[in-house]
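Chemist:
In my numbering, the protein residues as written are 28 to 128.
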């Protein structure tokens, strides 16, 4: 149980430390998500894709769209929170871990 809580805390700190980098992934995901309309235009022009390539394009684009939406929702929530909330959450988690340990 302690290891799970410690791993959760490490993940939380890692995510916040790389918040700007994670946020910039939205732009990469947006570019990848454009692959569906582009591939549809290419298909209309007569370019053919193998079924495997078509499935990869659709699945990767769909996954990037969903991840982008989740990160956008987290981004809106994150910006609404005061800095003291994040400090209190980290300190509270550390205190709870010390109490159990």
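From the three backbone atoms N, C-alpha and C, an ideal C-beta is built for every residue, glycine too.
1) Which of the three DSSP states is assigned to residue 73 in this structure?
2) Roughly how many angstroms lie between the CA atoms of residue 71 and residue 82, to the nearest whole one?
3) Measuring only the C-alpha atoms, how far is residue 37 from residue 68?
4) If we ignore side chains and look at the alpha-carbon of each, how far apart do residue 77 and residue 85 end up?
5) By how many angstroms is the C-alpha of residue 103 removed from the C-alpha of residue 75?
Modeler: In brief:
1) coil
2) 17 Å
3) 44 Å
4) The straight-line gap from Cα to Cα measures roughly 12 Å.
5) If you take the alpha carbons of residue 75 and residue 103, they lie about 40 Å apart.
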